[in-house]
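Mapping the sequence shown onto this note's numbering, position 52 (from 1) lands on 54, and the numbers just tick up by one.
Backbone N, C-alpha and C define an ideal beta-carbon position, used for all residues, glycine too.
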Amino acid sequence: MSLNLADVARIARLARIELSAAEAEATCGQLNGILGFIEQLQAVDTTGIEPMAHAVDVVQRLRPDGVTETDRRADFQALAPEAEAGLYLVPKVIE
3 MSLNLADVAR IARLARIELS AAEAEATCGQ LNGILGFIEQ LQAVDTTGIE
53 PMAHAVDVVQ RLRPDGVTET DRRADFQALA PEAEAGLYLV PKVIE
């Protein structure tokens with residue numbers, strides 16, 4: 003699949019991008035290069051190859067999922083100018 007200048011102009015219009023004639027020519031070449039590379043990748047025979055999430059089989063070390071800090075909400079809300087029912091009250095800014 004390759005794009006022509008009319009395709010690039012339509013894509014630019016849909017994306018609300020203004021392109022000069024020189025920019026459209028350059029963009030057309032770049033997009034056709036990208037599409038050509040995609041066609042090369044799709045031509046590779048991948049039968050029998052299992053999909054993987056990472057090129058190297060690594061395992062990420064994770065820390066245990068546990069609470070490490072105490073609940074200090076009451077302490078913090080005591081410092082707030084106004085709080086009610088566990089929520090901070092702030093002045094209305096937008097009407």
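DSSP state of residue i, grouped into three classes?
i: A85; result: strand
Using CA atoms only, rank isn't needed, just tell me which of the options is closest to residue i.
i: R75; options: L64, I13 and L89; result: L89
i: L5; options: N34, A87 and P93; result: N34
Rounding to the nearest angstrom, what Cα-Cα distance links residue i and residue j in this structure?
i: N7; j: F39; result: Asn is not the amino acid found at residue 7; the sequence shown has Leu there. C-alpha separation (whole angstroms): 19 Å.
i: A14; j: Q44; result: 26 Å
i: D73; j: Q32; result: 55 Å
i: Q79; j: K94; result: 19 Å
i: E71; j: A87; result: 22 Å
i: G68; j: T48; result: 42 Å
I believe residue i touches residue j by the beta-carbon criterion, under 8 Å. Please report the beta-carbon distance rounded to the nearest angstrom.
i: V46; j: C30; result: Contact doesn't hold; Cβ gap of about 26 Å is too wide.
i: E84; j: L91; result: 4 Å
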